[in-house]
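What follows is one structure encoded as structure tokens, with my remarks underneath.
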Amino acid sequence: MLKTDFLTEAIRSVDSRVSHVDVVERVGAVPESALLESPVPVLIAAIAAAARGAAVESMAPDDGHAEDERKRRIDGAATEAAERVFVGSRLKVEVAAGEGLRDQSPGARAGQLIQGAHASEKWAGVFDYVDGTTLAARRLPGALSLGSLGRGYRSVPDLQAYSVQVDAAVASGLNVMSPPEEHIIPLLEALAGQRGISVGDLTIFTHSVSSNQSHATLIDILRQNVAQVVVPELVTVEPPALLSQIGLSGPRVDSMIGAMGLSELAFAATLLDLALPDSRFLFRVASIDGPRAAPETPTLEPMFSFSEHELEELRNLGWQPDLQYTSRDIVPAGSAKASAIFAVTCNKDFGLPAPVIEPMGDAVVHGYVLVSGCRVARVTVTYSS
């Protein structure tokens, strides 16, 4: 366990409720000095506060409200807690990606400026204050609070993408603009060839089919060709699968293929920049309205049927539906300063326990902080009333 007296004080300067911070190195050497560099303490404080706020709200007695209302309250509590920390700091944070626009749910939103009266440092942010709100509302394992700060992040709309994780060495030779069900076999062959294994040895992570059937055909093709297909039962939360590739969770996956929210993709791009710089996501922007209008279609075709409102969102931020992009188009090389992940509910993949919330306000939350050079620390933040 690292000595963290200075880090505790740095975090307390923006959140006085924090009484102590414990840090254990998980991947690489993570000296306290790396965590003291601005804006890392503020990021830790904000995302830990979001997890605490979401956990408190998710544990509140069920008052008979519909699940969507519970989800809005959880998102709202997390958003309020994180923004309170940012406003109390010296950071001027411009949000590049978030989930606070679609469906009128609380959260960060692209173009939002979060700053206090004494803000002086400009940073770009990617935030999903509760990734897996459905899990939190149902008190199920797997919900996370996510955030990253850096410079030069490109703004994305609150839509989604069809994305494929590949090695940078083969990225330039691959095309994901054709129907996914048609290009998946050549793609798998390229992935396997780069690793020196057969297609039948690959483990692939893809999207849940709980809300619609759009991935059904893709999953069938994958199951016929690879060793294992990881399909989330209810909600797709990507960071554990991605960070299995540096040993932070299991099982280890070779690639992630399928739909991903653009804000989640932006956060995943920060993780690649910090921990997996030789990996890329190839992607094309995709619709949310299309799959919602055709939930029983068993292919990904509806993902590329955009509403006029969605096309306007893309145009406003300079994205084209008929172009292929990479994760470097969102997070340029070396632009991520730090990313933080804290558990809102127990996360078995990451080995993170659920937050401990006491009636009088004492609390303990657990998470990970990533800094450049593939260095990861496990962080425990303790709050006192």
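Counting from 1, position 158 in the sequence shown corresponds to residue 204 in the numbering used here; the numbering is continuous, with no gaps. Ideal placement from N, C-alpha and C gives every residue a C-beta, glycine not left out.
Cβ-based burial, residue i [other Cβ within 10 Å; buried from 16]
i: K383; result: buried
i: E145; result: buried
i: E356; result: buried
i: K117; result: buried
i: P405; result: exposed
i: Q211; result: buried
i: A215; result: exposed
i: H111; result: exposed
i: R330; result: buried
i: S194; result: buried
i: S62; result: exposed
i: G364; result: exposed
i: L192; result: buried
i: L317; result: buried
heavy atom of the ligand SAM below 7 Å from residue i C-beta
i: V417; result: The ligand content of the structure shown is nil, which means the ligand SAM is not present either.
For residue j and residue i, believed in contact at Cβ under 8 Å, the rounded distance
i: S309; j: V202; result: 7 Å
i: V427; j: V64; result: 6 Å
i: S260; j: T343; result: 6 Å
i: P152; j: G122; result: 4 Å
i: V422; j: L294; result: 6 Å
i: A91; j: V60; result: 5 Å
i: L190; j: N362; result: The pair is not a contact, with the Cβ atoms about 29 Å apart (cut-off 8 Å).
i: A183; j: I120; result: 6 Å
i: I250; j: V275; result: 5 Å
i: E227; j: I267; result: 6 Å
i: V172; j: F313; result: 5 Å
i: T263; j: T345; result: 5 Å
Closest residue to residue i among the options (Cα-Cα distance)
i: S218; options: R63, F327 and D408; result: F327
i: A389; options: A124, R72, H111 and S62; result: A124
i: L360; options: G198, I334 and V133; result: I334
i: I292; options: M306, P323, L268 and I265; result: P323
i: M105; options: F329, D174, V417 and V402; result: V402
i: R269; options: P286, E284 and L248; result: L248
i: A95; options: R130, V331 and I267; result: R130
i: A332; options: G296, Y371, A262 and D300; result: Y371
i: D174; options: G198, A127 and K138; result: A127
i: I376; options: M302, S385 and Y199; result: Y199
i: I243; options: D300, E347 and D68; result: D300
i: A56; options: E71, R72, V70 and S79; result: S79
i: A505; options: G364, S418, L369 and D213; result: The requested residue 505 does not occur in the structure, where the chain is confined to residues 47 to 431.
i: R197; options: T391, R374, D266 and F396; result: R374
i: D395; options: R298, L159, D68 and G134; result: R298
i: Q240; options: L220, T252 and S257; result: L220
i: G307; options: S290, V69 and P337; result: P337
i: V176; options: H229, G134 and A100; result: A100
i: L205; options: V102, F350 and I93; result: F350
i: T391; options: P187, G246 and V172; result: P187
i: S257; options: Q150, A305, A238 and L317; result: A305
i: L416; options: E354, R58, R72 and L48; result: R72
Alpha-carbon to alpha-carbon, residue j and residue i
i: V255; j: L53; result: 42 Å
i: R185; j: D51; result: 34 Å
i: W24; j: R155; result: Coverage of the chain is limited to positions 47 through 431, which leaves residue 24 absent and any answer about it impossible.
i: V222; j: L233; result: 9 Å
i: S431; j: A315; result: 36 Å
i: F81; j: G74; result: The question names Phe, yet the displayed sequence has Leu at residue 81. Between L81 and G74, the C-alpha separation is close to 13 Å.
i: P278; j: Y414; result: 22 Å
i: A379; j: L311; result: 15 Å
i: P367; j: P399; result: 40 Å
i: P225; j: F132; result: 42 Å
i: V141; j: H66; result: 29 Å
i: E284; j: D109; result: 31 Å
i: R136; j: Y429; result: 22 Å
i: D319; j: S381; result: 8 Å
i: V70; j: C420; result: 15 Å
i: E103; j: E115; result: 12 Å
i: S290; j: R424; result: 15 Å
i: N271; j: P348; result: 24 Å
i: D213; j: D408; result: 44 Å
i: S157; j: G246; result: The residue asked about is misnamed: residue 157 is Gly in this sequence, not Ser. Taking the straight line from one Cα to the other gives about 44 Å.
i: P107; j: L181; result: 16 Å
i: V410; j: G134; result: 21 Å
i: L159; j: T252; result: 33 Å
i: G296; j: A273; result: 15 Å
i: I231; j: A238; result: 11 Å
i: V86; j: I93; result: 11 Å
i: S353; j: H412; result: 40 Å
CB contact check: residue i to chain C, cutoff 8 Å
i: S325; result: Note that chain C does not occur in the displayed structure, where there is just one protein chain.
At least three beta-carbon pairs within less than 8 Å, the region 334-343 to the region 159-172: In short, these stretches do not touch, since the Cβ pair count stays below three.
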